[in-house]
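Under our numbering, the residues of the sequence shown are numbered 56 to 281, in order.
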Amino acid sequence: MSDLISIKGGRDGLRMRFDDTADWPALLVQLEQQLTQNQAFFNGARLTLELGERSLDEIQLSELLNLLQHHGVVADALSANAREARNAARAIGITARPLPRYADPPPGTPSVAPESEALLLTRTVRSGQVLRHSGHITLIGDLNPGGELIAGGSVIVWGRLRGFVHAGALGNAEAVICGLELSPTQLRIADQIATTPPRGNGPHVPEVARIEHNQIVVESWENYKR
Numbered sequence: 056m057s058d059l060i061s062i063k064g065g066r067d068g069l070r071m072r073f074d075d076t077a078d079w080p081a082l083l084v085q086l087e088q089q090l091t092q093n094q095a096f097f098n099g100a101r102l103t104l105e106l107g108e109r110s111l112d113e114i115q116l117s118e119l120l121n122l123l124q125h126h127g128v129v130a131d132a133l134s135a136n137a138r139e140a141r142n143a144a145r146a147i148g149i150t151a152r153p154l155p156r157y158a159d160p161p162p163g164t165p166s167v168a169p170e171s172e173a174l175l176l177t178r179t180v181r182s183g184q185v186l187r188h189s190g191h192i193t194l195i196g197d198l199n200p201g202g203e204l205i206a207g208g209s210v211i212v213w214g215r216l217r218g219f220v221h222a223g224a225l226g227n228a229e230a231v232i233c234g235l236e237l238s239p240t241q242l243r244i245a246d247q248i249a250t251t252p253p254r255g256n257g258p259h260v261p262e263v264a265r266i267e268h269n270q271i272v273v274e275s276w277e278n279y280k281r
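Printed below as a string of structure tokens:
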């Protein structure tokens, strides 16, 4: 998201990391900007706040939580090494724990954080369920009507895609949406929106949705890969 704030995702959900040396008012200003610019991604999100060594009192933490709440974001937990920050969180009813220790990668491993990898899921996403990830999402299974996939990167559904998908939700216009059966209620890529008309009972072919000339186009996988 920025030099001061980053959003990471994984099977344990979203984590918002804050630079622990930046000026606090400047950090809040940048957070406001990021939440406003990426409203489609964050609205309705639940996440863990990671503060590193930063020490916050109850007033500062309340400022942060009120800002998140204003944009439809709920903080479920807080991770921080500073005891004062953890105590402030517990005082207002938020689960708090020390910052987890991330294992160092083996020598020669490319410097890519594990959180930046695609999220792979094998399941059916049913009506009312929302899956949100900062990177790519690959779903082996169906996305039912009323289900939602929201990704900072691309979305691949190895099954029937019949719900709502927003790829590139953090502004990545290069993201794509792929499905074995592409019959969504709505597709979004970055800030572009499209719906597809109802189809008959004929055979379905794998298709890809992408942005071309500032609009979403859908084509068969065979044409896309040429």
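Using N, Cα and C, we set each Cβ at its ideal position, and we do this for glycine too.
Here the structure is a predicted model, which is why all the values come from computation and not from measurement.
Original post:
Nearest-angstrom Cα distance between A144 and E203?
Top reply: For the purposes of this step, residue 144 is taken as the residue at position 89 of the sequence shown. For the purposes of this step, residue 203 is taken as the residue at position 148 of the sequence shown. Whole-angstrom Cα-Cα distance: 31 Å.
Subject >> Which of helix, strand or coil DSSP assigns to R109 >> reply: Residue 109 sits at position 54 when you count from the first residue of the sequence shown. R109 falls in the coil class under three-state DSSP.
**OP:** Using alpha carbons as the reference points, say which of T103, S189 and V263 lies closest to N37.
**Re:** What is shown of the chain runs 56 to 281, which leaves residue 37 out entirely.
Original post:
Does any CB atom of chain D fall closer than 8 Å to the CB of E113?
Top reply: Of the protein chains in this structure there is only one, and it is not chain D.
Original post:
Apart from the five residues on each side of it in sequence, which residues of its chain come closer than 6 Å, Cβ to Cβ, to L133?
Top reply: Position 78 of the sequence shown, counted from the start, is the residue given in the question as residue 133. Counting only Cβ-Cβ distances below 6 Å, and skipping sequence neighbours, we find L104, A144, I149 and A151.
Original post:
Hey, would you say L225 sits closer than 8 Å to S189, going by beta carbons?
Top reply: The count along the sequence shown starts at 1 and reaches residue 225 at position 170. The count along the sequence shown starts at 1 and reaches residue 189 at position 134. Yes, Cβ-Cβ distance for L225 and S189 is below 8 Å.
Subject >> 8 Å contact criterion, which G127 and N98 should meet: CB distance rounded >> reply: As a first step, residue 127 is located in the sequence shown; it is residue number 72 there, counting from the start. As a first step, residue 98 is located in the sequence shown; it is residue number 43 there, counting from the start. Sure, about 4 Å apart at Cβ, within 8 Å.
Subject >> Spatially closest choice to R70 from R187, S110, W79 and P80, by CA coordinates >> reply: Numbered from 1 along the sequence shown, position 15 holds the residue referred to as residue 70. When each option's Cα is compared against that of R70, the closest is R187.
**OP:** State the Cα-Cα distance for the pair Q85 and D131, rounded to the nearest angstrom.
**Re:** For this step, residue 85 is matched to residue 30 along the sequence shown. For this step, residue 131 is matched to residue 76 along the sequence shown. Roughly 21 Å between the two C-alpha positions.
Subject >> For T103, three-class secondary structure by DSSP >> reply: In the sequence shown, residue 103 corresponds to position 48, counting from 1. Of the three classes helix, strand and coil, the one that applies to T103 here is strand, per DSSP.
**OP:** Return the chain-ordered list of same chain residues with a C-beta closer than 6 Å to the C-beta of L175, the five sequence neighbours on each side being excluded.
**Re:** Position 120 of the sequence shown, counting from 1, holds the residue named residue 175. The residues are T193.
Original post:
So which of Q88, L82, F219 and T91 has the shortest CA-CA distance to L116?
Top reply: Here residue 116 corresponds to residue number 61 of the sequence shown, with the count starting at 1. Closest option to L116, Cα to Cα, is L82.
**OP:** Measure the C-alpha to C-alpha separation of N136 and G64 and round it to an integer number of angstroms.
**Re:** Within the sequence shown, the letter at position 81 stands for residue 136. Within the sequence shown, the letter at position 9 stands for residue 64. Distance between the alpha carbons of N136 and G64: 20 Å.
Original post:
Is the beta carbon of G196 sitting closer than 8 Å to the one on T177?
Top reply: Taking the first residue of the sequence shown as position 1, residue 196 is located at position 141. Taking the first residue of the sequence shown as position 1, residue 177 is located at position 122. Yes.
Original post:
First and last residue of the beta strand (DSSP E) that includes E203?
Top reply: On the sequence shown, residue 203 is found 148 positions in, with the first residue counted as 1. From DSSP, the beta strand (DSSP E) with E203 extends over E203 to A206.
**OP:** With DSSP collapsed to three states, give me the class of Q92.
**Re:** The count along the sequence shown starts at 1 and reaches residue 92 at position 37. Reduced to three states, the DSSP call for Q92 is helix.
**OP:** Answer yes or no: do I205 and V180 have a C-beta to C-beta separation smaller than 8 Å?
**Re:** In the sequence shown, counting from the first residue as 1, residue 205 sits at position 150. In the sequence shown, counting from the first residue as 1, residue 180 sits at position 125. Not a contact, by the Cβ cut-off of 8 Å.
Original post:
By how many angstroms is the C-alpha of D112 removed from the C-alpha of I266?
Top reply: Translated into the one-based positions of the sequence shown, residue 266 becomes position 211. Translated into the one-based positions of the sequence shown, residue 112 becomes position 57. About 45 Å.
Original post:
Exposed or buried, which one is S209 when buried takes at least 16 other CB atoms within 10 Å?
Top reply: Position 154 of the sequence shown holds residue 209. When all chains shown are included, S209 counts as buried.
Original post:
Quick one: Cα of I62 to Cα of E139, how far?
Top reply: On the sequence shown, residue 62 is found 7 positions in, with the first residue counted as 1. On the sequence shown, residue 139 is found 84 positions in, with the first residue counted as 1. The alpha-carbon atoms of I62 and E139 are separated by roughly 23 Å.
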